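Counting from 1 along the sequence shown, just add 3 to a position and that's the residue number in the working numbering. No residue lacks a Cβ here, since even glycine has one placed at the ideal position from N, Cα and C. The model shown is predicted, which means the values in this text are computed figures rather than measured ones.
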Amino acid sequence: MRESVYWPKSYKDVAQMVLNCNECINESSSRKEPIIMTDFPDRPWKEVAMDLCPFERKHFLIINDYYSRYPEFSRLDNLSEETVILHTKSIFARHVLWVGDAKEQPNK
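Shown next as C-alpha coordinates:
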(Lines of atoms letter the chains of each structure in order from A and count residues from 1; the text may use other names and numbers.)
(Lines give C-alpha, C1' and ligand atoms only; values in the text may rest on other atoms or scores of the structure.)
Protein backbone atom coordinates (compact mmCIF):
# COMPACT_ATOMS: atom_id res chain seq x y z
CA MET A 1 0.00 0.00 0.00
CA ARG A 2 2.82 2.41 0.83
CA GLU A 3 3.99 2.38 -2.78
CA SER A 4 0.69 3.73 -4.12
CA VAL A 5 -1.03 5.70 -1.33
CA TYR A 6 0.28 7.47 1.75
CA TRP A 7 -0.96 9.86 4.43
CA PRO A 8 0.28 10.48 7.97
CA LYS A 9 -0.61 7.47 10.16
CA SER A 10 -1.80 5.54 7.07
CA TYR A 11 -0.31 2.28 8.33
CA LYS A 12 -2.05 2.64 11.70
CA ASP A 13 -5.36 3.60 10.07
CA VAL A 14 -5.33 0.63 7.69
CA ALA A 15 -4.31 -1.79 10.47
CA GLN A 16 -7.18 -0.54 12.61
CA MET A 17 -9.63 -0.85 9.72
CA VAL A 18 -8.59 -4.46 9.07
CA LEU A 19 -8.83 -5.35 12.77
CA ASN A 20 -12.41 -4.04 12.87
CA CYS A 21 -13.53 -5.49 9.52
CA ASN A 22 -15.75 -8.57 10.00
CA GLU A 23 -15.20 -9.74 6.43
CA CYS A 24 -11.43 -9.47 6.87
CA ILE A 25 -11.55 -11.42 10.13
CA ASN A 26 -13.69 -14.19 8.60
CA GLU A 27 -11.49 -14.45 5.51
CA SER A 28 -8.21 -14.65 7.45
CA SER A 29 -9.52 -17.27 9.89
CA SER A 30 -10.81 -19.52 7.09
CA ARG A 31 -7.40 -19.70 5.38
CA LYS A 32 -5.65 -21.66 8.12
CA GLU A 33 -4.50 -25.06 6.93
CA PRO A 34 -4.19 -27.99 9.31
CA ILE A 35 -0.74 -29.08 10.38
CA ILE A 36 0.12 -32.39 8.79
CA MET A 37 2.34 -34.44 11.05
CA THR A 38 4.91 -36.70 9.43
CA ASP A 39 6.98 -39.53 10.82
CA PHE A 40 10.53 -38.59 11.75
CA PRO A 41 12.82 -39.87 8.95
CA ASP A 42 15.46 -42.48 9.81
CA ARG A 43 18.27 -40.68 7.97
CA PRO A 44 19.21 -37.21 6.68
CA TRP A 45 17.72 -36.00 3.38
CA LYS A 46 15.21 -38.85 3.16
CA GLU A 47 12.32 -36.39 3.55
CA VAL A 48 12.50 -32.73 2.66
CA ALA A 49 10.29 -29.67 2.40
CA MET A 50 10.67 -27.41 -0.63
CA ASP A 51 9.32 -23.97 -1.36
CA LEU A 52 9.79 -21.12 -3.82
CA CYS A 53 9.90 -17.80 -2.00
CA PRO A 54 10.02 -14.24 -3.27
CA PHE A 55 12.13 -11.84 -1.21
CA GLU A 56 13.05 -8.28 -2.11
CA ARG A 57 12.14 -8.82 -5.79
CA LYS A 58 14.29 -11.95 -6.04
CA HIS A 59 13.24 -15.60 -6.00
CA PHE A 60 14.72 -18.33 -3.84
CA LEU A 61 14.44 -22.08 -3.67
CA ILE A 62 14.43 -23.32 -0.09
CA ILE A 63 14.89 -27.00 0.70
CA ASN A 64 14.76 -28.06 4.34
CA ASP A 65 15.87 -31.50 5.55
CA TYR A 66 13.31 -32.94 8.00
CA TYR A 67 15.94 -35.02 9.81
CA SER A 68 18.56 -32.36 10.59
CA ARG A 69 16.32 -29.30 10.07
CA TYR A 70 19.16 -27.98 7.89
CA PRO A 71 17.95 -25.47 5.30
CA GLU A 72 19.51 -24.90 1.89
CA PHE A 73 18.81 -21.67 0.02
CA SER A 74 19.44 -21.05 -3.65
CA ARG A 75 18.82 -17.77 -5.47
CA LEU A 76 17.06 -18.34 -8.78
CA ASP A 77 17.57 -16.25 -11.91
CA ASN A 78 14.03 -17.14 -13.02
CA LEU A 79 11.21 -19.51 -12.11
CA SER A 80 11.42 -21.81 -15.12
CA GLU A 81 11.18 -25.56 -14.57
CA GLU A 82 14.72 -26.00 -15.87
CA THR A 83 16.16 -23.53 -13.36
CA VAL A 84 14.31 -25.01 -10.39
CA ILE A 85 15.32 -28.56 -11.36
CA LEU A 86 18.96 -27.54 -11.88
CA HIS A 87 19.19 -25.93 -8.43
CA THR A 88 17.33 -28.82 -6.79
CA LYS A 89 19.73 -31.34 -8.32
CA SER A 90 22.69 -29.24 -7.18
CA ILE A 91 21.47 -29.19 -3.58
CA PHE A 92 20.68 -32.90 -3.58
CA ALA A 93 24.08 -33.71 -5.08
CA ARG A 94 25.74 -32.13 -2.05
CA HIS A 95 23.69 -34.02 0.53
CA VAL A 96 21.95 -37.13 -0.74
CA LEU A 97 23.69 -40.49 -0.81
CA TRP A 98 22.10 -43.48 -2.50
CA VAL A 99 21.30 -46.08 0.17
CA GLY A 100 19.20 -48.54 -1.82
CA ASP A 101 20.22 -51.52 -3.90
CA ALA A 102 22.80 -50.56 -6.54
CA LYS A 103 20.57 -52.12 -9.24
CA GLU A 104 17.79 -49.68 -8.29
CA GLN A 105 19.97 -46.57 -8.37
CA PRO A 106 18.46 -43.95 -10.67
CA ASN A 107 20.36 -42.88 -13.77
CA LYS A 108 22.27 -39.66 -13.37
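Is it buried or exposed, residue i, if we count other Cβ atoms within 10 angstroms and call 16 or more buried?
| i | result |
| --- | --- |
| residue 22 | exposed |
| residue 94 | buried |
| residue 17 | exposed |
| residue 55 | exposed |
For residue i and residue j, I'd like the C-alpha separation in whole angstroms.
| i | j | result |
| --- | --- | --- |
| residue 48 | residue 75 | 11 Å |
| residue 19 | residue 11 | 14 Å |
| residue 67 | residue 98 | 11 Å |
| residue 73 | residue 61 | 22 Å |
| residue 89 | residue 63 | 13 Å |
| residue 52 | residue 42 | 13 Å |
| residue 81 | residue 38 | 30 Å |
| residue 1 | residue 96 | For residue 1 there is no data in the structure shown, the boundaries of the chain being 4 and 111. |
| residue 46 | residue 71 | 9 Å |
| residue 59 | residue 77 | 14 Å |
| residue 65 | residue 29 | 31 Å |
| residue 84 | residue 40 | 29 Å |
| residue 27 | residue 36 | 17 Å |
| residue 25 | residue 92 | 46 Å |
Less than 8 Å between the beta carbons of residue i and residue j, yes or no?
| i | j | result |
| --- | --- | --- |
| residue 50 | residue 44 | yes |
Subject >> Length-filtered (3 minimum) beta strand (DSSP E) runs lying within the region 13 to 78 >> reply: Fully enclosed beta strand (DSSP E) runs of 3 or longer: 51 to 58 and 61 to 68.
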